[in-house]
Amino acid sequence: MIETEARVLQVEPGFAWVEPRPHSPCGQCDPVNGCRSLQLARMFSLRQPRFRVLDPLGVLPGEQVNIAVPEAGMLRSAALLYALPLLALLAGAMLAAAAGETAAVAGGTLALLLTLWAVRGYSRRLAGDVRFQPHVASRVSPHQLSMEFVGTCRSRS
Numbered sequence: 002m003i004e005t006e007a008r009v010l011q012v013e014p015g016f017a018w019v020e021p022r023p024h025s026p027c028g029q030c031d032p033v034n035g036c037r038s039l040q041l042a043r044m045f046s047l048r049q050p051r052f053r054v055l056d057p058l059g060v061l062p063g064e065q066v067n068i069a070v071p072e073a074g075m076l077r078s079a080a081l082l083y084a085l086p087l088l089a090l091l092a093g094a095m096l097a098a099a100a101g102e103t104a105a106v107a108g109g110t111l112a113l114l115l116t117l118w119a120v121r122g123y124s125r126r127l128a129g130d131v132r133f134q135p136h137v138a139s140r141v142s143p144h145q146l147s148m149e150f151v152g153t154c155r156s157r158s
């Protein structure tokens, strides 16, 4: 399981809307500007991320919780969304390459589009499967909250 802390924003029957807690620095961050990858993510997001997760515990708005995502589901999603379309693109281009460059481009594009269409259908079928959905794993008591340490980044020599 992959877990992260979040704050519950609102609840619905069987579901909760949560806002992930910002991650604390890793010790390699710039003390003034913070984490570079976090800065890039913030540049492209217009608002704070919110997610709808399964709520088997019956949490309340304002509570701090641990959200868990099954690792197998994350690995399967990554393979389906990244590896499979890339392999289809390459295979389609290689199979059509004997007919020329234009055919190779068309074959790769067609294979890519067909694979993306198939992945879309498969993901819709799995959307209702609770084994692959994030869920509230536990409540976080006040003394368990992650300590955020600011200004502890080491300078590189």
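As numbered in the numbering used here, residues 2 to 158 make up the sequence shown, in order. Using N, Cα and C, we set each Cβ at its ideal position, and we do this for glycine too.
Item: Starting from the N-terminal side, write out each stretch of the beta strand (DSSP E) that is 3 residues or longer and does not extend beyond the segment 78 to 156.; Value: 136 to 140
Item: According to DSSP, what are the bridge partners of Leu-55?; Value: Phe-16, His-136
Item: Excluding the five sequence neighbours on either side, which residues of its own chain have a C-beta within less than 7 angstroms of the C-beta of Arg-121, listed in chain order?; Value: none
Item: Please name the residue in Gly-74, Asp-56, Leu-111 whose C-alpha comes closest to that of Phe-133.; Value: Gly-74
Item: Would Gly-93 count as contacting chain B if we go by Cβ distances under 8 angstroms?; Value: No chain B is present in this structure, which holds just one protein chain.
Item: Can you give me the C-alpha to C-alpha distance between Thr-103 and Leu-85, rounded to a whole angstrom?; Value: 23 angstroms
Item: Can you grab the Cα-Cα spacing for the pair Met-95 / Ala-119, in whole Å?; Value: 20 angstroms
Item: Do Leu-55 and Val-137 have their CB atoms nearer than 8 angstroms?; Value: yes
Item: Between the Cα of Pro-50 and those of Ser-78, Trp-18, Leu-91, Ala-97, spot the shortest distance and give me the residue it belongs to.; Value: Trp-18
Item: Give me the DSSP bridge partner(s) of Gln-65.; Value: Arg-8
Item: If I'm right that Leu-58 touches Arg-140 with Cβ under 8 angstroms, what's the distance once you round it to whole angstroms?; Value: 7 angstroms
Item: Cα-Cα, which of Pro-71, Tyr-123, Leu-87 is closest to Pro-135?; Value: Pro-71
Item: Given a cut-off of 8 angstroms on the beta-carbon distance, is the pair Ala-92 and Ala-79 in contact?; Value: no
Item: Measuring straight from C-alpha to C-alpha, what distance separates Arg-1 and Arg-53?; Value: The structure shown does not extend to residue 1, since the chain is modelled only from 2 through 158, so no value can be given for it.
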